[in-house]
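Trainee: Pasting a structure here, questions to come.
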Amino acid sequence: MATVYVLVEHAQGELVPTTAELITAANNLGEVTAVVVGTPGTAEPLREALAELGAAKVVAAEADDADERIILPHTDALSMLAAAEPGPIVIEAGAHGNEIAGRLAARLSSGVLCDVVAIHADRTASMSIFGDSIDVSAAVGGTCPIYTLRPGAIEAKPHAAAGALETLALPAASDKDVKVTRFIPTERGDRPELSQAKVVVAGGRGVESAEGFSELVEPLADELGAAVGATRDAVDEGFYPAQYQIGQTGATVSPDLYIGLGVSGAIQHTSGMQTAKKIVVINPDEDAPFFQLADLGAVGNAEEIVPALIEAIRQHRS
Numbered sequence: 001m002a003t004v005y006v007l008v009e010h011a012q013g014e015l016v017p018t019t020a021e022l023i024t025a026a027n028n029l030g031e032v033t034a035v036v037v038g039t040p041g042t043a044e045p046l047r048e049a050l051a052e053l054g055a056a057k058v059v060a061a062e063a064d065d066a067d068e069r070i071i072l073p074h075t076d077a078l079s080m081l082a083a084a085e086p087g088p089i090v091i092e093a094g095a096h097g098n099e100i101a102g103r104l105a106a107r108l109s110s111g112v113l114c115d116v117v118a119i120h121a122d123r124t125a126s127m128s129i130f131g132d133s134i135d136v137s138a139a140v141g142g143t144c145p146i147y148t149l150r151p152g153a154i155e156a157k158p159h160a161a162a163g164a165l166e167t168l169a170l171p172a173a174s175d176k177d178v179k180v181t182r183f184i185p186t187e188r189g190d191r192p193e194l195s196q197a198k199v200v201v202a203g204g205r206g207v208e209s210a211e212g213f214s215e216l217v218e219p220l221a222d223e224l225g226a227a228v229g230a231t232r233d234a235v236d237e238g239f240y241p242a243q244y245q246i247g248q249t250g251a252t253v254s255p256d257l258y259i260g261l262g263v264s265g266a267i268q269h270t271s272g273m274q275t276a277k278k279i280v281v282i283n284p285d286e287d288a289p290f291f292q293l294a295d296l297g298a299v300g301n302a303e304e305i306v307p308a309l310i311e312a313i314r315q316h317r318s
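Below, the structure written as structure tokens:
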């Protein structure tokens, strides 16, 4: 069976949830080798979880200074493995992953497809382009085709595998390396991760202020155990931090339930959430384009509807 390499996403000693999606997508191409880049001892605590997700082999690509460098350790590890035993490579889409993918394509003389939403056994991939208005199937060449997978595009389907651990010594840093001199991790809140949440409550420009988010969007999200999202307009206006932006230039979400408050439905935003299973919209403008996409819409002000909705939820639970 062909070998397919997956670059493992991990942080603070834990797997990032998108790793499960990467392994699920890669299983269509062959036997998964999960590549963990880090300092010595990083991979061992992750091995069992990776095996449960479907990794037949786990490669610990290690160097003492791996956490102080960016891009090149990951590129070196994957290129060394694929040069020795050619096979497809699957990486998380994003600024970091796409940069690695481009460098690998040059090193391995293989094609690369970025931001795919599915990978097929014949090495083609599905892509959603032009603001997710057109679905296409794309082919890629080379002995080591490279794919970056859009987070949240597919549902993870773990299945146990051996997860045999191997080690790979990374090359020493060179003058080409960029060194990290300081790193401050983002503090995790009590809400679910946006890209993995089963319920998302998002606010748009119609929320009108940062206070609108704190008084309407966040309370409703907390009542439902949901993640909070925002449109680009809301972020540009300073209503909410950019890390919670959903859409073409933000995160892609595919929750069981999406609730949009004061969201008009511009394609910039809908391209990042239109695969939600149920879409609920609250907007005072009955002609807002979002109503055409919604499963349920309420015409009215969020200031009036949301408190009543929260109260109804609480009464239903009591």
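One point on numbering: in UniProt numbering, the residue at position 256 of the sequence shown is 256, and numbering is uninterrupted.
Quick reminder that beta carbons are idealized off the backbone N, C-alpha and C, glycines included.
(1) Which residues mark the beginning and the end of the beta strand (DSSP E) in which Gly-204 is found?
(2) At a Cβ threshold of 9 Å, is Glu-166 touching chain D?
(3) Closer than 6 Å by C-beta to Arg-103: which residues in its own chain qualify, once you throw out the five before and the five after it? Chain order, please.
(4) Considering only the alpha carbon of each residue, which of Ala-55, Thr-33, Ile-119, Leu-170 lies closest to Met-80?
(5) Express the C-alpha separation of Ser-264 and Leu-46 in angstroms, rounding to a whole number.
(6) Between Thr-275 and the rest of its own chain, which residues show a CB-CB distance below 6 Å, the 5 nearest in sequence each way excluded?
(7) Evaluate contact between the region 257-271 and the region 87-106, counting only Cβ atoms and requiring at least three cross-stretch pairs below 8 Å.
(8) Pull up the DSSP beta-bridge partners for Ile-184, would you.
(9) How many whole angstroms separate the CB atoms of Thr-33 and Tyr-5, which I take to be in contact at a CB cut-off of 8 Å?
(10) Within its chain, find whatever has a CB closer than 8 Å to the CB of Ser-195; leave out the 5 residues flanking it on each side and keep chain order.
(11) Taking Cβ positions, are Ile-119 and Ala-26 nearer each other than 9 Å?
(12) Can at least three beta-carbon pairs, one atom from the region 175-183 and one from the region 230-237, be found at a separation below 8 Å?
(13) I need the straight-line Cα distance from Leu-29 to Pro-88, nearest angstrom please.
(14) If we count the other Cβ atoms within 10 Å of its Cβ and call it buried at 16 or more, is His-159 buried or exposed?
(15) Which ranges would you report for the alpha helix (DSSP H) in the region 16-67 if only whole runs of at least 4 residues count?
(16) Given a threshold of 16 other Cβ atoms within 10 Å of its Cβ, counted over all protein chains shown, does Tyr-73 qualify as buried or as exposed?
(17) For Val-145, does the count of other Cβ atoms within 10 angstroms reach 16, so buried, or fall short, so exposed?
(18) Taking Ala-294 as the reference, which of Ala-173, Val-280, Ile-134, Glu-21 has the closest Cα?
(19) Among residues of its own chain, excluding the 5 on either side of Ala-56, which ones have a beta-carbon nearer than 8 Å to its beta-carbon?
(20) Of the choices Ile-305, Gly-272, Ser-318, whose alpha-carbon is the least far from that of Ser-133?
(21) Judging by CA-CA distance, which residue of Val-178, Leu-22, Ala-172, Glu-311 is the nearest neighbour of Leu-220?
(22) Measuring only the C-alpha atoms, how far is Ala-202 from Gln-245?
(23) Would you call Gly-141 buried or exposed, if buried means 16 or more other Cβ atoms sit within 10 Å of its Cβ?
(24) Any idea if Gly-225 is buried or exposed, counting beta-carbon neighbours within 10 angstroms, 16 or more meaning buried?
(25) Should Leu-149 go down as buried or exposed, given a rule of 16 or more other Cβ atoms within 10 Å for buried?
(26) Once you ignore the five residues that flank Glu-193 on each side, which residues in its own chain have a CB closer than 8 Å to its CB?
(27) Between Ala-125 and Leu-53, what straight-line distance do the alpha-carbon atoms span, to the nearest angstrom?
(28) Can you name the start and end residues of the alpha helix (DSSP H) that Glu-223 belongs to?
(29) Between the beta-carbon of Thr-42 and the beta-carbon of Ala-66, is there less than 9 Å?
(30) Closest to Glu-223 by CA distance: which of Ala-51, Thr-3, His-316, Pro-241 is it?
(31) Shortest alpha-carbon distance to Asn-301 belongs to which of Arg-205, Arg-191, Ala-83, Ser-137?
(32) Could you check the C-alpha separation between Lys-198 and Leu-257 for me, to the nearest Å?
(33) Out of Pro-284, Ala-60, Glu-155, Leu-50, which one is the CA nearest neighbour of Thr-167?
(34) When the distance is taken between beta carbons, is Ala-93 closer than 9 Å to Val-58?
Mentor: Concretely, from the data shown:
(1) Taken as a continuous stretch (DSSP letters only), Gly-204 belongs to no beta strand (DSSP E), as it is neither H nor E.
(2) Among the protein chains of the structure shown there is no chain D, as only one such chain exists.
(3) Thr-75
(4) Leu-170
(5) 42 Å
(6) Ser-254
(7) no
(8) Answer by DSSP bridge pairing: none, since Ile-184 is not bridged.
(9) 5 Å
(10) Pro-17, Thr-18, Pro-151, Gly-152, Ala-251, Thr-252, Val-253
(11) yes
(12) no
(13) 7 Å
(14) exposed
(15) 18-26, 44-53
(16) The question names Tyr, but residue 73 is Pro in the sequence shown. By the neighbour-count rule (16 or more Cβ atoms within 10 Å), Pro-73 is buried.
(17) The sequence given here has Pro at residue 145, not Val. Label assigned to Pro-145: buried.
(18) Val-280
(19) Glu-31, Val-32, Thr-33, Ala-161, Ala-162, Gly-163, Ala-164
(20) Gly-272
(21) Glu-311
(22) 9 Å
(23) exposed
(24) exposed
(25) buried
(26) Pro-17, Ala-227
(27) 21 Å
(28) 218-224
(29) yes
(30) His-316
(31) Arg-205
(32) 7 Å
(33) Ala-60
(34) no
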